[in-house]
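The block underneath contains the structure these notes are about, expressed in structure tokens.
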Amino acid sequence: THALQAMHRSCSSAFTYTMDGEKSSPALVKPPLLLATRMFCASVQRYRMGKNAATGRENDKSHRNGKDKEDDNIFRGICGDPSDITALELGDEFMEHIAAHGEGKNSQNQQQNGEKSPLDNCSDATTATPYYSLARAHAAVSETLQISQQEQRDDANVCSLSNFHRLVAMAARNSFGVATQSPFQSYHAALLRNAGGRGTTKHMEATKQLAMLLGSPDGTLNRTMDEHVRAKCAISTVAIFSLAARINHSCEPCAEVRGQTFMDCNIDVVALQDIMAGQEITISYIDIGRNAGKRATNKIKRRRELRSRYLFLCDCPRCCC
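What follows is the structure, encoded as structure tokens:
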């Protein structure tokens with residue numbers, strides 16, 4: 001919890017610097033970053049527990065690497081690379097100035113130290129290439145977890161900025177959106193049932209009190225109040241389901257992912273057609289249903305969204321025909 005709070009504070013004070021050295025709006029904390037922070041904290045905890053368990057016996061590099069592989073099994077085969085941070089545009093944006101002689105002048109030193117400074121106005125720069133870093137968030141989390149410089153330089157690479165970038169990329173590319181329903185509808189249904197039905201004196205009085213609690217000056221209940229309660233109470237986040245994350249995409253999927261009616265940390269992969277033995281199970285990573293509009297029928301729009309969100313060019317039969 002303290003690590004998440006520290007990461008929130010670091011991101012709320014993070015600014016993007018433009019070509020002229022001007023500050024833009026603060027960076028927003030995205031759900032994949034929150035999930036990756038939890039994953040990073042768990043990895044650091046397992047790493048430290050492994051080191052403590054190794055006290056009193058041989059604690060060489062092969063043992064540590066073996067422990068890392070054991071801890072990493074749950075995410076093995078799930079895509080995610082530190083370099084994906086820039087393609088996904090996550091974190092603080094930096095501009096790398098490419099000089100005429102081919103050398104880059106940038107704020108890489110400040111990035112490594114978890115600091116941020118305005119860009120250098122290089123007179124000999126010919127191009128400026130943006131790149132992203134989560135050094136600020138990593139530094140805040142590392143300080144909260146009291147990660148030493150030795151731990152960050154350890155061969156295991158668990159506590160490093162590179163591993164933090166990898167986990168964030170993994171969360172961004174493989175997570176499923178998870179949202180709970182607004183409690184307003186179920187509460188109002190129970191209120192109606194317990195009051196003896198719609199239109200009764202007890203129901204009208206209870207409804208007026210509820211509406212006034214939600215900000216209605218005249219005690220009238222309206223539909224916008226449901227959205228108000230949803231924004232305040234309903235949880236919207238992301239989660240990685242390690243088996244479902246290994247399912248490949250197709251714009252003509254043979255299965256789909258469905259959430260449970262109640263929040264119980266499970267999802268279902270449901271067949272949309274008969275699936276033969278040995279046939280690959282595929283799902284769609286984007287919405288291609290009836291309400292998807294042109295995205296469902298336009299190959300260019302589908303490929304563009306998949307490329308920007310998941311970093312691959314779709315070559316499924318529907319896109320290649």
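131 is the number that our numbering gives to position 131 of the sequence shown; each next residue is one higher, with no gaps. Note that beta-carbon positions come from the ideal geometry of N, C-alpha and C, so glycine has one too.
Selection from the options that minimises the alpha carbon distance to residue i
i, options, result
"Ile78", "Ser186, Leu191, Asn174 and Gln273", "Asn174"
"Ser160", "Pro31, Ser242, Ala195 and Ser133", "Ser133"
"Tyr47", "Tyr131, Ile147, Cys320 and Met225", "Ile147"
"Ile286", "Glu143, Glu151, Thr180 and Cys251", "Cys251"
"Thr37", "Gly91, Thr86 and Ala87", "Gly91"
"Ser182", "Ser142, Met225 and Leu167", "Met225"
"Ser142", "Phe164, Pro31 and Cys316", "Phe164"
"Met49", "Ile267, Ala140 and Val158", "Val158"
"Ile275", "Pro317, Pro253, Asp154 and Ser308", "Pro253"
"Lys308", "Arg258, Asp84, Ala277 and Pro31", "A small correction: the amino acid at residue 308 is Ser; Lys does not occupy that position in the sequence shown. It is Asp84."
"Glu89", "Asn52, Leu33, Phe75 and Gly289", "Leu33"
Reduced DSSP category for residue i - H, G, I as helix; E, B as strand; rest coil
i, result
"Ala271", "strand"
"Asn121", "With a pLDDT of only 49 at Asn121, under the threshold of 50, the placement of this residue in the model should not be trusted, and no figure is reported."
"Met95", "strand"
"Ile283", "strand"
"Ser242", "coil"
"Glu256", "strand"
"Ser236", "strand"
"Asn248", "strand"
Span separating the alpha-carbon of residue i from that of residue j
i, j, result
"Thr201", "Met170", "55 Å"
"Lys208", "Val229", "16 Å"
"Asn222", "Leu210", "11 Å"
"Leu214", "Ile240", "35 Å"
"Lys232", "Phe184", "11 Å"
"Leu167", "Thr86", "14 Å"
"Val322", "Arg246", "Since the displayed the chain opens at 1 and closes at 321, residue 322 lies outside it and no answer follows."
"Ile267", "Ser236", "15 Å"
"Ala234", "Val178", "10 Å"
"Pro217", "Ser186", "23 Å"
"Asp154", "Leu35", "24 Å"
"Ala244", "Cys265", "13 Å"
"Ser242", "Glu227", "32 Å"
Cβ neighbours of residue i in the same chain (closer than 6 Å, five flanking residues each side left out)
i, result
"Ala195", "Lys202, His203 and Ala206"
"Leu306", "Cys314"
"Gly219", "Lys208, Ala211 and Met212"
"Ser43", "Val158"
"Asn190", "Reading off the sequence, residue 190 comes out as Ala, not Asn. Taken in chain order, the list of residues that qualify is empty."
"Pro31", "Thr237 and Val238"
"Cys316", "Ser250 and Cys251"
Cβ shell of residue i (< 8 Å), same chain only, five flanking positions each side left out
i, result
"Glu256", "Val269, Val270, Leu272, Ile283 and Ser284"
"Arg303", "Leu313, Cys314 and Cys319"
"Tyr310", "Arg173, His249 and Tyr285"
beta-carbon residue i near the ligand ATP non-hydrogen atom, thresh 8 Å
i, result
"Glu252", "Ligands are entirely absent from the displayed structure, and the ligand ATP is therefore not among its contents."
Residues near residue i in its chain [Cβ-Cβ closer than 7 Å; skip 5 each side]
i, result
"Arg198", "Leu192"
"Lys299", "Cys319"
"Phe40", "Val141, Phe164 and Leu167"
"Asp81", "Arg166 and Ala169"
(request) Run through the segment 126–182 for me and flag every whole beta strand (DSSP E) of 3 or more residues, listed as ranges in chain order. (result) 176–179
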